[in-house]
Amino acid sequence: MEGYATSITKELLQTSFVRKTRSELSCPKCNRQQLIIRDKIVKCPDEEACGWKQFRIVCGITLSMPDIKDLVEKGSTKLIKGMKSKPGKSLMLLLY
Ligand SMILES: [Zn+2]
């Protein structure tokens with residue numbers, strides 16, 4: 007019984023680990039890999055052949071998951087409040 011509980015716990019941990027680091031977003035550069043989302047960076051797992059990455063903190067703002075999704079799928083984010091180049095102006099982030 008104890009062993010059974012342990013294996014379930016392990017499975018759950020593994021599932022949440024996968025969910026946390028792998029997204030359903032395809033790499034916008036190579037279009038073959040699924041992006042890895044970390045706390046501070048979003049990147050393509052194929053570092054050698056592709057190497058696409060995007061820091062999540064831009065102009066002092068951390069990009070949320072919907073922002074990253076917009077950026078990767080549409081090539082730009084919507085206007086992000088608080089991301090400012092000049093006081094009072096919002097910015098949107100463009101895919102480079
Ligand atoms: Zn890639």
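Numbering (the numbering used here), first residue to last: 7 to 102. Beta carbons are placed, not taken as given, at the ideal position from N, Cα and C, and that holds for glycine. Only a predicted model underlies this, so the values are computations on that prediction, with no experimental measurement involved.
Exposure label - residue i; buried when at least 16 CB within 10 Å
i: Leu-77; result: buried
i: Asp-73; result: buried
i: Gln-39; result: buried
Euclidean distance between Cα positions of residue i and residue j
i: Leu-69; j: Lys-87; result: 11 Å
i: Lys-59; j: Asp-52; result: 10 Å
i: Lys-49; j: Gly-66; result: 19 Å
i: Cys-36; j: Ile-42; result: 14 Å
i: Met-98; j: Glu-79; result: 14 Å
i: Thr-83; j: Leu-100; result: 7 Å
i: Phe-23; j: Glu-30; result: Residue confidence is low: Phe-23 scores 49 on pLDDT, short of 50, so the model does not pin down where it sits. Its coordinate-derived value is still stated next. Going from the Cα of Phe-23 to the Cα of Glu-30 covers about 14 Å.
i: Ile-47; j: Gly-81; result: 17 Å
i: Arg-44; j: Met-71; result: 11 Å
i: Lys-75; j: Ser-32; result: 10 Å
i: Cys-56; j: Arg-62; result: 19 Å
i: Leu-85; j: Glu-54; result: 32 Å
One or two residues paired with residue i in a DSSP bridge
i: Lys-49; result: Ile-42, Lys-59
Which runs of the alpha helix (DSSP H), 4 residues or longer, sit entirely within the segment 55-99? 71-80
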